[in-house]
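Only one structure is covered here, and it is reproduced in the block below.
Residue numbers (the numbering used here): 1221 to 1666.
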């Protein structure tokens, strides 16, 4: 028989009903009520602990509904209703599961039965269409906790995630799209943490984008649009209902029109959301062994170009043992302002694929007359081939704080152009005085 564990990070022990045998019926419906104790103690006094991983819940616990008279913490005689809980089959000890405000989580009889059945088949349980409809009527936090556990430990079908309140995401995406088209912002829509089980936290990017538009903050808008595209590119689109996918695709199209530096990633995202098969031009795989052939002492070079809108990317391999990656685009009127206010300094991520794996670098992009471009000469990796591609949308100074110190140091160490080093120093000057990357950049530039 499967042991059941908490879905929430917080639980609290409550007095057991008068008779353990009558605490819950065979259908999972509670038949006796426990009083909500004054002075609620979360996780036996350790609020920092995660109940889902506490040893006490490793064995012997079963899912139960607890009929509880509850109200505000410490209040006597609150509401009476069924909440999500667990009972220890040997001792009769009863715990209730709590939300992030330490409130018990109400659950219906039908919802309790579905959750119990899913836990019995954990982690490969497959809910029926009827089960999904039942879960969609439960409180949002119960849905979120169940999906978080399934996503972490099993392989839930994408459609199961449709029980989340996606109408909120759809309305916010539509509102933002309308603002980009000249409309006025509507009422604030809070998405909270309810969509984290679906994957990358793109809903946080949506809320950040909303904040930037309300404040007319070009830098924040640019950062939010970049993170939205990057996170949506990693999302399993099947976890979103069709109308939400359509609204997000329309919004991403609008963002890419405002900032064409998002172009390549935005095209990937909208293709995925709309179910369109639009593969980008493949990045070339270049042979490195043949460069050693021939009797001539002259340096041999081979290069190929491909498009990663709006950049033209060029990869050149030389018999001296170097591969140079460069990217370039013609600037349009007004984009100098976007570069200055939105990026500060632009960094383009590239990934070098080779026989031993892959390595990521950041190419600093320098405006020069009518162009924006950058290049990075690198040693040819071991093996008989090298393949290079853009690894996401470009970022700016505001995102540098979250970059890997190893990647930053590696990228600066490959630079041979003084003006590129100057740009990295500008990035370091924009970081907080105590930030680790200030010293990393300073040492690497020296």
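All C-beta atoms in this analysis are idealised placements derived from N, C-alpha and C, irrespective of residue type, glycine included.
Looking at residue i: is its Cβ nearer than 8 Å to the Cβ of residue j?
{"i": "residue 1317", "j": "residue 1331", "result": "no"}
{"i": "residue 1309", "j": "residue 1280", "result": "yes"}
{"i": "residue 1421", "j": "residue 1391", "result": "no"}
{"i": "residue 1364", "j": "residue 1417", "result": "yes"}
{"i": "residue 1338", "j": "residue 1359", "result": "no"}
{"i": "residue 1530", "j": "residue 1556", "result": "no"}
{"i": "residue 1488", "j": "residue 1526", "result": "no"}
{"i": "residue 1581", "j": "residue 1616", "result": "no"}
{"i": "residue 1568", "j": "residue 1583", "result": "yes"}
{"i": "residue 1485", "j": "residue 1605", "result": "no"}
{"i": "residue 1352", "j": "residue 1380", "result": "yes"}
{"i": "residue 1651", "j": "residue 1643", "result": "no"}
{"i": "residue 1366", "j": "residue 1227", "result": "yes"}
{"i": "residue 1187", "j": "residue 1665", "result": "Absent from the structure is residue 1187, since the part of the chain shown begins at 1221 and ends at 1666."}
{"i": "residue 1533", "j": "residue 1595", "result": "no"}
{"i": "residue 1575", "j": "residue 1547", "result": "no"}
{"i": "residue 1648", "j": "residue 1662", "result": "yes"}
{"i": "residue 1354", "j": "residue 1327", "result": "no"}
{"i": "residue 1234", "j": "residue 1362", "result": "no"}
Within the 8 Å Cβ cut-off, does residue i reach chain C?
{"i": "residue 1388", "result": "Although the question refers to chain C, the structure presented lacks it and comprises just one protein chain."}
Which residues in the same chain have their Cβ closer than 8 Å to the Cβ of residue i, if we skip the five residues on either side of it in sequence?
{"i": "residue 1374", "result": "1342, 1343, 1344, 1345"}
{"i": "residue 1453", "result": "1485, 1488, 1489, 1492, 1612"}
{"i": "residue 1600", "result": "1508, 1537, 1541, 1542, 1543, 1606"}
{"i": "residue 1224", "result": "1281, 1282, 1283, 1306, 1336, 1339"}
For residue i, report the span of its beta strand (DSSP E) as first-last.
{"i": "residue 1618", "result": "Per DSSP, residue 1618 belongs to no beta strand (DSSP E) and is neither H nor E."}
{"i": "residue 1571", "result": "1566-1574"}
{"i": "residue 1232", "result": "1230-1234"}
{"i": "residue 1596", "result": "1591-1599"}
{"i": "residue 1584", "result": "1577-1588"}
In this structure, how does DSSP classify residue i when only helix, strand and coil are distinguished?
{"i": "residue 1269", "result": "coil"}
{"i": "residue 1660", "result": "helix"}
{"i": "residue 1425", "result": "helix"}
{"i": "residue 1261", "result": "coil"}
{"i": "residue 1637", "result": "coil"}
{"i": "residue 1628", "result": "helix"}
{"i": "residue 1284", "result": "strand"}
{"i": "residue 1610", "result": "strand"}
{"i": "residue 1354", "result": "helix"}
{"i": "residue 1552", "result": "coil"}
{"i": "residue 1408", "result": "coil"}
{"i": "residue 1432", "result": "helix"}
{"i": "residue 1622", "result": "helix"}
{"i": "residue 1562", "result": "helix"}
{"i": "residue 1602", "result": "coil"}
{"i": "residue 1378", "result": "helix"}
Can you list, in chain order, the residues of its chain with a C-beta nearer than 6 Å to that of residue i? Leave out the 5 residues immediately preceding and following it.
{"i": "residue 1356", "result": "1383"}
{"i": "residue 1515", "result": "Residue placement at residue 1515 is flagged as unreliable, the pLDDT there being 47, under the threshold of 50; a coordinate-derived value is accordingly withheld."}
{"i": "residue 1511", "result": "Caution is warranted here: a pLDDT of 49 is assigned to residue 1511, below 50, making its placement in the model unreliable, and the coordinate value is therefore given only provisionally. Excluding residues within five positions, the ones whose Cβ falls inside 6 Å are 1520, 1539."}
{"i": "residue 1474", "result": "1397, 1400"}
{"i": "residue 1444", "result": "1425, 1428, 1429, 1432"}
{"i": "residue 1311", "result": "none"}
{"i": "residue 1640", "result": "1584"}
{"i": "residue 1464", "result": "1386, 1389, 1390"}
{"i": "residue 1551", "result": "1590, 1592"}
{"i": "residue 1467", "result": "1390, 1393, 1394"}
{"i": "residue 1481", "result": "1614"}
{"i": "residue 1724", "result": "Look at the range of the chain in this structure, 1221 to 1666, and you will see that residue 1724 is not part of it."}
Tell me which same chain residues have a C-beta within less than 7 Å of the C-beta of residue i, skipping the five on either side of it?
{"i": "residue 1655", "result": "1621"}
{"i": "residue 1423", "result": "1389, 1411, 1415"}
{"i": "residue 1262", "result": "1230, 1232, 1318, 1322"}
{"i": "residue 1269", "result": "1263"}
{"i": "residue 1490", "result": "1469, 1472, 1473"}
{"i": "residue 1378", "result": "1456, 1458, 1459"}
{"i": "residue 1503", "result": "1526, 1607, 1608, 1609"}
{"i": "residue 1646", "result": "1565"}
Need the endpoints of the alpha helix (DSSP H) that residue i sits in, please.
{"i": "residue 1446", "result": "1438-1453"}
{"i": "residue 1276", "result": "Neither: residue 1276 is in no alpha helix (DSSP H) and is coded neither H nor E."}
{"i": "residue 1390", "result": "1386-1400"}
{"i": "residue 1373", "result": "1360-1373"}
Where are the beta strand (DSSP E) runs, 3 residues long or more, that stay fully inside the stretch 1460-1541, in chain order? 1505-1507, 1521-1528, 1531-1538
For the stretch 1304-1350, list the beta strand (DSSP E) runs that are entirely contained and at least 3 residues long, ordered along the chain. 1314-1318
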